[in-house]
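According to my numbering, the sequence shown is numbered sequentially starting from 2.
In what follows, a single structure is set out as structure tokens and then discussed.
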Amino acid sequence: DRRTVFLEEVKKVNPDVKVVADQDAWLQDKAVSVVGDILTAHPDVNVIWAANEGGTIGAAMAVKNAGKSGKVYVFGTDASYQLIAMLKEKDNILQAIAGQDPYNMGYKAMELLIKGLKGEDVSANKGKTTSVDGILLSRSNPEGIAKFEADLNAKMSK
């Protein structure tokens, strides 16, 4: 799952990382509240990771509300126009997001559906997952953010 993989990768860089809280907060409003409480209970926290768009937006807002810009860094999952805008903000809160490619996710699903509708044998795919590569969008790579945004705009205009 997303959390497990994130922690595995963090521990490769910093094996001494300490998780002080683990809360569900998939919705933006809940994430603002939960992360605000975490920052109050653990004032030395310096990294927050969120597993989806709403959690990431809420986490970044909570850090801003707590006046901890430049002291607490947020990392998240999913890519949206709002998260892309937050990566570009000068507040230095949201550092990076692991973005998905919804266009290609849908495209691959439709390819398989069309094969099935045409009567082609798709039984080998039953119960299996089709993977679509994600993309890392990082504040440290504004060119990559701009390219992703331009590609997304082009795909969405089709």
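Using N, Cα and C, we set each Cβ at its ideal position, and we do this for glycine too.
Since the model is a prediction, treat every value here as computed from it, not as a measurement.
Asked: Measure from the alpha carbon of S34 to the alpha carbon of each residue in A61, F76, P143, V46, then state which is nearest.; Found: A61
Asked: Which residue spans inside the stretch 58-128 form an unbroken alpha helix (DSSP H) run of at least 4?; Found: 82-89, 103-118
Asked: In three-state DSSP terms, what is S34?; Found: helix
Asked: Going straight from the alpha carbon of D30 to that of V36, what length do you get?; Found: 10 Å
Asked: Over what stretch of residues does the alpha helix (DSSP H) that includes L28 continue unbroken?; Found: Run containing L28: none; DSSP gives neither H nor E here.
Asked: What's the gap between the Cα of L84 and the Cα of S70?; Found: 16 Å
Asked: From the DSSP output, in three-state form, read off V11 for me.; Found: helix
Asked: Would DSSP call V20 helix, strand or coil?; Found: coil
Asked: Any contact between the stretch 125-143 and the stretch 93-104? By contact I mean 3 or more CB pairs, one from each, below 8 Å.; Found: yes
Asked: Hey, out of L113, I49, K72, whose CA is closest to G128's CA?; Found: L113
Asked: Suppose contacts are defined by Cβ-Cβ distances below 7 Å. Is Q96 in contact with Y82 by that definition?; Found: no
Asked: Tell me whether the beta-carbon of Y104 lies closer than 7 Å to the beta-carbon of K148.; Found: no
Asked: Buried or exposed: where does G120 fall if 16 or more other Cβ atoms within 10 Å of its Cβ makes it buried?; Found: exposed
Asked: Determine the burial state of G117: buried for a count of at least 16 other Cβ atoms within 10 Å of its Cβ, exposed for fewer.; Found: exposed
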